[in-house]
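Number of protein chains: 2
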Amino acid sequence: MDKLKMLYGELQARGLKLTKQRSAIIKMLNKSRVPLTAEEIFLRIRETNDNTSLATVYRNLKTLVTAGLVVKTGLLEEKVQYRLASKPHSHDLICLGCHKVFELTQCPLEHLCEFIGQREGFTVTEHRIELYGYCQECGSQGKKKK
Amino acid sequence: MDKLKMLYGELQARGLKLTKQRSAIIKMLNKSRVPLTAEEIFLRIRETNDNTSLATVYRNLKTLVTAGLVVKTGLLEEKVQYRLASKPHSHDLICLGCHKVFELTQCPLEHLCEFIGQREGFTVTEHRIELYGYCQECGSQGKKKK
DNA sequence: CTTACTGCAAAAAGTTTGCACCAGC
DNA sequence: GCTGGTGCAAACTTTTTGCAGTAAG
Numbered sequence: 349m350d351k352l353k354m355l356y357g358e359l360q361a362r363g364l365k366l367t368k369q370r371s372a373i374i375k376m377l378n379k380s381r382v383p384l385t386a387e388e389i390f391l392r393i394r395e396t397n398d399n400t401s402l403a404t405v406y407r408n409l410k411t412l413v414t415a416g417l418v419v420k421t422g423l424l425e426e427k428v429q430y431r432l433a434s435k436p437h438s439h440d441l442i443c444l445g446c447h448k449v450f451e452l453t454q455c456p457l458e459h460l461c462e463f464i465g466q467r468e469g470f471t472v473t474e475h476r477i478e479l480y481g482y483c484q485e486c487g488s489q490g491k492k493k494k
Numbered sequence: 349m350d351k352l353k354m355l356y357g358e359l360q361a362r363g364l365k366l367t368k369q370r371s372a373i374i375k376m377l378n379k380s381r382v383p384l385t386a387e388e389i390f391l392r393i394r395e396t397n398d399n400t401s402l403a404t405v406y407r408n409l410k411t412l413v414t415a416g417l418v419v420k421t422g423l424l425e426e427k428v429q430y431r432l433a434s435k436p437h438s439h440d441l442i443c444l445g446c447h448k449v450f451e452l453t454q455c456p457l458e459h460l461c462e463f464i465g466q467r468e469g470f471t472v473t474e475h476r477i478e479l480y481g482y483c484q485e486c487g488s489q490g491k492k493k494k
């Protein structure tokens, strides 16, 4: 729950209010092992927090992405998904079987980035890595998905 | 133009026909330095190739993505974009200034992947890396975008 | 109090689909 | 010729917006 406090701090630092709906969205994303679509967030929030509108979810996701607290994913999926931005430089291991997301706490590119940038004459300011495959549980089944 | 031939071969190998529209889409993606949205492709194709429908562009993009010839990108942009799948394991340097995409011909993760996978108990079958920053021309301007 | 945030309903944007016709192989 | 591909228009899904009312700081 420490992470949540930090996030709330981030919000206030940017002059954003901490509304019931906004905090619900953040909590939901924080709780989920899997990235969520806007609609999924909406549905889950609604279970506890009665009248909440999908429009608000969209508005907040946009705000949070702009604020850098949330990132989009899901290029391999049908729909755009959202998840909390990870701590600086952790990346994702995404299981094609169960769709869980495992975080790499150590960035494998950290040191490579500068080097690559220099070689290509490019100033790398940000990077995104997604590793796809199968986690231990989904193991070698391989074809399981869908 | 060698690349195009290869792609066409890929198509036929999968029993997909090489229609005028399909080839136009591929050429367009091949020509562009920047990933394109479905609509952009449609508009550009239409300039030369009269009556073409947006629906066909969507259908083909879907087919091509499934066939593995095209990939989605654009998590940092508003809309989903498409580009030709790169040769096995090249990755992207994406300029935040001019939006051009530079390809890394050498995969920095190649050897790291297995290692990471093992350490995390994860079988990595695929990965996606996007490096963002500024290319030489856009250089240190830094704030240029928008 | 002030200003940002919200819900609702309506609108816009993006994507898919049914159908009759057409074109690669 | 057969089968998959296409254009068009309509349907659908996803996302955005205007507005009046509400709540956080």
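From first to last, the protein sequence lines are chains W and Z.
The first sequence runs 349 to 494 under my numbering.
The second sequence runs 349 to 494 under my numbering.
Positions of the beta carbon are idealized from the N, C-alpha and C atoms, including for glycine.
Since this is a predicted model, take the numbers as computed values, not measurements.
Chain-order list of residues whose beta-carbon lies under 8 angstroms from that of Z:M354 (same chain, five-residue window excluded): Working through the second sequence from its first residue, we reach residue 354 of chain Z at position 6. Nothing meets the Cβ criterion.
Coarse secondary structure for W:K420, derived from DSSP in three states: One-based indexing of the first sequence puts residue 420 of chain W at position 72. Taken through DSSP and simplified to helix, strand or coil, W:K420 comes out as strand.
Classification of Z:Q360 by the beta-carbon crowding that lies within 10 angstroms, buried from 16 upward: As a first step, residue 360 of chain Z is located in the second sequence; it is residue number 12 there, counting from the start. Z:Q360 should be labelled exposed.
Beta carbon of Z:K379 nearer than 8 angstroms to that of Z:N397: Numbered from its first residue, the second sequence carries residue 379 of chain Z at position 31. Numbered from its first residue, the second sequence carries residue 397 of chain Z at position 49. In this structure, Z:N397 does not lie closer than 8 angstroms to Z:K379 by Cβ.
Helix, strand or coil at W:R394 [DSSP, three-state]: Here residue 394 of chain W refers to the residue found at position 46 when the first sequence is read from its first residue. W:R394 carries a helical assignment under DSSP once its states are collapsed to helix, strand and coil.
Neighbourhood of W:I373 by C-beta distance below 8 angstroms, restricted to the same chain and skipping five residues each side: Here residue 373 of chain W is taken as the residue at index 25 of the first sequence, counted from 1. The residues are I389, I393, V405, N408, L409 and L412.
Euclidean distance between Cα positions of Z:E395 and W:E358: As a working note, residue 395 of chain Z is residue 47 in the second sequence. As a working note, residue 358 of chain W is residue 10 in the first sequence. Their backbone Cα atoms lie some 48 angstroms apart in a straight line.
For W:R306, the first and last residue of its enclosing alpha helix (DSSP H): This structure leaves residue 306 of chain W out entirely; chain W is present only between 349 and 494.
Counted within 10 angstroms of its Cβ, other Cβ atoms place W:V418 as buried (16 or more) or exposed: For the purposes of this step, residue 418 of chain W is taken as residue 70 along the first sequence, with counting starting at 1. W:V418 comes out buried.
Same chain, Cβ closer than 8 angstroms to Z:A415, neighbours up to 5 away in sequence not counted: Sequence index remark: in the second sequence, residue 415 of chain Z carries index 67 (1-based). E358, L359, R362 and L364, listed in sequence order.
Nearest-angstrom Cβ-Cβ length linking Z:L377 and Z:L432, presumed shorter than 8 angstroms: As a first step, residue 377 of chain Z must be located in the second sequence, where it is residue number 29. As a first step, residue 432 of chain Z must be located in the second sequence, where it is residue number 84. Contact holds; Cβ gap of about 5 angstroms.
Exposed unless 16 or more other CB atoms sit within 10 angstroms - verdict on Z:R370: Locating residue 370 of chain Z in the second sequence gives position 22, counting from the first residue. Classification of Z:R370: buried, given that the 10 Å Cβ count is 16 or more.
Opening and closing residue of the beta strand (DSSP E) in which W:L432 lies: By 1-based counting over the first sequence, the position of residue 432 of chain W is 84. Q429 to L432 is the extent of the beta strand (DSSP E) around W:L432.
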